[in-house]
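Q:
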Amino acid sequence: MRKGMKKRYKETTFFGMFKISGPKLVFNFTLFNSLLATLFIHFILSGYELTEFSVYTPELAKDFYNRISGMSASIFGIVIAALAVSMTVFNQKILEPLEKSKLLHKFLFPFWYLIVLWGSIILISTIGPYLYVVDTKVITFLPYLVIFELWLFIYALFFAIKITGLLIRLFLQNAKVL
6 MRKGMKKRYK ETTFFGMFKI SGPKLVFNFT LFNSLLATLF IHFILSGYEL
56 TEFSVYTPEL AKDFYNRISG MSASIFGIVI AALAVSMTVF NQKILEPLEK
106 SKLLHKFLFP FWYLIVLWGS IILISTIGPY LYVVDTKVIT FLPYLVIFEL
156 WLFIYALFFA IKITGLLIRL FLQNAKVL
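Counting the sequence shown from 1 gives a position; my numbering is that position plus 5.
1) Between the alpha carbons of Ala-180 and Val-138, how many angstroms are there, rounded?
2) What are the start and end residues of the alpha helix (DSSP H) that includes Ile-127?
3) By the 10 Å Cβ neighbour count, where 16 or more other Cβ atoms means buried, how is Ser-100 classified, buried or exposed?
4) So, under 8 Å CB-CB, Ala-89 and Leu-119 are touching, yes? Tell me the CB distance rounded to an integer number of Å.
5) Does the stretch 169 to 176 touch the stretch 120 to 136, meaning 3 or more C-beta pairs lie closer than 8 Å?
6) Using the C-alpha atoms, what's the distance from Leu-155 back to Ile-46?
7) With a threshold of 8 Å, are at least 3 pairs of Cβ atoms found where one atom belongs to the stretch 111 to 128 and the other to the stretch 23 to 40?
8) Taking all protein chains shown into account, do 16 or more other C-beta atoms lie within 10 angstroms of the C-beta of Val-121, making it buried, or fewer, making it exposed?
9) At what residue ranges does the stretch 27 to 56 contain a whole run of the alpha helix (DSSP H), taking only runs of 4 or more?
Given below as C-alpha cells:
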C-alpha cells in the first residue's frame with residue numbers, strides 16, 4: 006500500500022476520525038449534563054444519600070437492563086437510518102470538497118461515536134442481568150455498573166439530541182448551496 010493511501014486509510018479508522026474531530030466532540034456539555042442528570046437520579050433513588058448503593062437490588066437492575074436494552078436497540082437502528090437519510094439528501098456536488106477539507110469526517114464521526122455508545126449500552130444491558138446469577142465477588146461492583154449504564158444511556162441520549170441539531174444545521178446549510 007502506498008504511503009499516501011495508508012495515511013488516507015488511517016484517517017478513516019475510528020481513532021483516525023476521532024483525531025480529526027478532536028476531543029471536544031466527547032468533552033462537551035452533553036458529558037457534563039449527563040453526569041449531573043445521573044447524580045440527580047442517583048441522589049433521588051438513594052434517599053438523598055450519594056454514598057448509598059443498596060437501592061440497586063438485582064430485581065431493579067434486571068428490570069432496568071431489560072428496559073434499557075430494548076430502547077437502545079431501537080435507537081441504534083434509528084441512528085443508522087438517520088445517517089443513511091442524511092447522506093442521500095446531502096448535495097453530491099459538495100461531498101468531494103468536504104472530504105478533502107476533512108469536514109465530511111467531522112460530520113460522519115459523531116454518528117460512528119454514537120453507534121459505539123449505543124452498542125456498548127446494548128452489550129452491557131445484555132450481559133448485566135447474567136452477572137447477578139454468578140456466585141462470586143462480582144456482585145460488589147454491580148451497583149456501580151448499573152449507575153455507569155444509567156450515565157452511558159443519558160449521555161448517549163443527550164449526544165443523540167446534539168447530533169439531531171447537527172443534522173438540522175447541515176440540512177439548512179445544504180439548502181443554501183442548492
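Cβ coordinates follow ideal geometry from the N, Cα and C atoms, glycine included.
A: By the coordinates alone:
1) Locating residue 180 in the sequence shown gives position 175, counting from the first residue. Locating residue 138 in the sequence shown gives position 133, counting from the first residue. Going from the Cα of Ala-180 to the Cα of Val-138 covers about 55 Å.
2) Translated into positions along the sequence shown, residue 127 becomes position 122. That run of the alpha helix (DSSP H) goes 108 to 136.
3) For the purposes of this step, residue 100 is taken as the residue at position 95 of the sequence shown. In the sequence on display, residue 100 carries Leu and not Ser. Burial call: exposed.
4) For the purposes of this step, residue 89 is identified with residue 84 of the sequence shown, where counting begins at 1. For the purposes of this step, residue 119 is identified with residue 114 of the sequence shown, where counting begins at 1. With 8 Å as the limit, Ala-89 and Leu-119 do not qualify as a contact, their Cβ atoms being about 14 Å apart.
5) No, the stretch 120 to 136 is not in contact with the stretch 169 to 176.
6) The sequence position of residue 46 within the sequence shown is 41, counting from 1. The sequence position of residue 155 within the sequence shown is 150, counting from 1. Taking the straight line joining both Cα atoms gives about 9 Å.
7) yes
8) Here residue 121 refers to the residue found at position 116 of the sequence shown. Exposed, by the Cβ-count rule.
9) 34 to 50
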